[in-house]
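Protein chains in written order, with the working numbering: chain A, 4 to 206; chain B, 4 to 206.
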């Protein structure tokens, strides 16, 4: 993205690339679970490479970064957890309540598996890092993880999950946050505590 | 996978689905970086959906799990970090030296971005969880994460990285491990300590 997009252009790009990314997410899933025969896999691969060629006719040389619209709205579309254009992202949708408690509800399928039927412990860590850091977030001024401590208390099943986080306290640009992952029965599977730092505030 | 595959069938499946997954990995990357026009994006999406339909003609209903070959070799092909068939997986290739030190060298591009140009802190946590747990791993008998503590000491740039881990000590089915991520200059960017548990040993 060389020129900042206007809000209208950003919305148009969102409507163009959002559905594309959704289709790639589905493809990632079926690539794992497919039992198609060799001929169908070969044909599928040829179609995928044709799609890649079309999309590569004009390609940013580097990663997406976080460009902003002409009105200053950040577009973290490449982000591995929340990116509109990143098929790895579940994507996580962060909601804030009136007490600044942060919640993300999501459904994880086959692509996030570690032990059979379970979410990989590393994916749990990744989700908690992002949701805890959101307690320290201000638009356009992201917080960096300082430390993160995770305690795995029960297996996390694939399927619907809730990730919650809240700020414990803050001092001199450091936010001390805590949170957890809940399974569909409301059982805590992983607990987390973290310290998040906003460089600009570290005076 | 209903019937265990013979080693020959497993090798054949590897040769069929490995290249498919590589193509999907490239597609995930260009979906983020593409500046193609609307018409090309629409055509690419149609091709992707055609590929998904082909791959979905026969589909496992659940996640991949960790099936074994008739000779007992585990096939963690759906695993989010090391899975041959998982386009999210970089994939991580774990190497062990004679001192049981574990190393993974990898290159992370646009799909793993958090802050501009940097690896997402959650991805660093995910990598370290997996590599530290590998110090406790025995084939077919994976270790579960008990606790994981991460300290972020420098930004982790996208590009080539090295993740290393070693066992500190072990007692009654618990492995105490430590490790870090190194950037291309050999600077430690994230330090980690973890306790990993093999349920069978928890006597």
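Cβ coordinates follow ideal geometry from the N, Cα and C atoms, glycine included.
- Counting along the chain, no alpha helix (DSSP H) covers residue 181/B; the unbroken beta strand (DSSP E) around it starts and ends at 177-185.
- If you look at residue 15/A, you'll find it in the alpha helix (DSSP H) that goes 10-36.
- Below 8 Å, enough C-beta pairs join the stretch 52-67 of chain A and the stretch 20-31 of chain B to call them touching: three or more.
- Of the candidates 185/A, 106/A, 201/A, the residue whose Cα lies closest to the Cα of residue 144/A is 201/A.
- When Cβ-Cβ separations below 9 Å define contact, residue 138/B makes no contact with chain A.
- By alpha-carbon distance to residue 113/A, the top candidate from 6/A, 37/A, 8/A is 37/A.
- Annotated as distal: residue 169/A and residue 189/A, with beta-carbon spacing of 9 Å or more.
- The straight-line gap separating the alpha-carbon atoms of residue 13/A and residue 88/A is approximately 12 Å.
- Of 139/B, 153/B, 163/B, the smallest CA-CA separation from residue 180/B is found for 139/B.
- According to the DSSP assignment, residue 137/A belongs to the alpha helix (DSSP H) that extends over 124-137.
- By the Cβ criterion, the stretch 65-72 of chain A is not in contact with the stretch 94-110 of chain A, since fewer than three pairs of Cβ atoms, one from each stretch, lie closer than 8 Å.
- Only those residues of the stretch 138-159 of chain B whose C-beta falls short of 8 Å from the nearest C-beta of chain A are listed: 145, 147, 148, 149, 150, 151, 152, 153, 154, 155, 158.
- Unbroken alpha helix (DSSP H) stretches of 4 residues or longer found wholly inside the stretch 39-120 of chain B: 41-58, given in chain order.
- Comparing C-alpha distances from residue 118/A to each of 108/A, 161/A, 151/A, 83/A shows the shortest one belongs to 161/A.
- Per DSSP, residue 156/B has no beta-bridge partner at all.
- Identification of chain B residues near residue 36/A by a Cβ-Cβ cut-off of 7 Å yields 62, 63, 67, ordered along the chain.
- A direct Cα-Cα distance of roughly 16 Å separates residue 83/B from residue 110/B.
- The beta-bridge partner set that DSSP reports for residue 196/B consists of 152/B, 181/B.
- Exposure of residue 74/B is indicated by the presence of fewer than 16 other C-beta atoms within 10 angstroms of its C-beta.
- Looking at the backbone, the Cα of residue 147/A and that of residue 178/A are separated by about 10 Å.
- Scanning its chain for C-beta atoms nearer than 7 Å, with the 5 sequence neighbours on each side dropped, one finds around residue 92/B the residues 82, 83, 84, 85, 86, in chain order.
- Straight-line spacing of the CA atoms in residue 18/A and residue 24/A works out to 10 Å.
- Pairing residue 131/A with residue 39/B, the inter-Cα distance amounts to about 34 Å.
- Residue 149/A is positioned such that its CB atom lies closer than 9 Å to that of residue 197/A.
- Looking at the backbone, the Cα of residue 16/A and that of residue 59/A are separated by about 16 Å.
- Within the stretch 92-108 of chain A, no residue has a Cβ lying closer than 7 Å to any Cβ of chain B.
- The residue from 193/A, 22/A, 47/A with its alpha-carbon nearest to that of residue 33/A is 47/A.
- Nearest to residue 154/B by C-alpha distance, out of 166/B, 128/B, 173/B, 90/B, is 128/B.
- By the C-beta density criterion, residue 172/A is exposed, having fewer than 16 other C-beta atoms within 10 angstroms.
- Residue pairing by DSSP leaves residue 188/A without any beta bridge partner.
- The beta carbon of residue 24/A sits closer than 9 Å to some beta carbon of chain B.
- Counting C-beta atoms within 10 angstroms of its own C-beta, residue 22/A has fewer than 16 neighbours from the protein chains shown and is therefore classed as exposed.
- Cβ-Cβ separation between residue 107/A and residue 121/A: approximately 19 Å, too far for a contact (criterion under 8 Å).
- In this model, residue 152/A and residue 199/A are separated by some 12 Å (Cα to Cα).
- The beta-carbon distance between residue 72/A and residue 135/A, rounded to whole angstroms, is 27 Å. This is too long to meet the 8 Å contact definition.
- Residues of the stretch 31-59 of chain A that bring their beta carbon within less than 7 Å of a beta carbon in chain B comprise 31, 33, 34, 35, 36, 37, 38, 39, 41, 43, 44, 46, 47, 48, 50, 51, 52, 53, 54, 55, 57, 58, 59, in sequence order.
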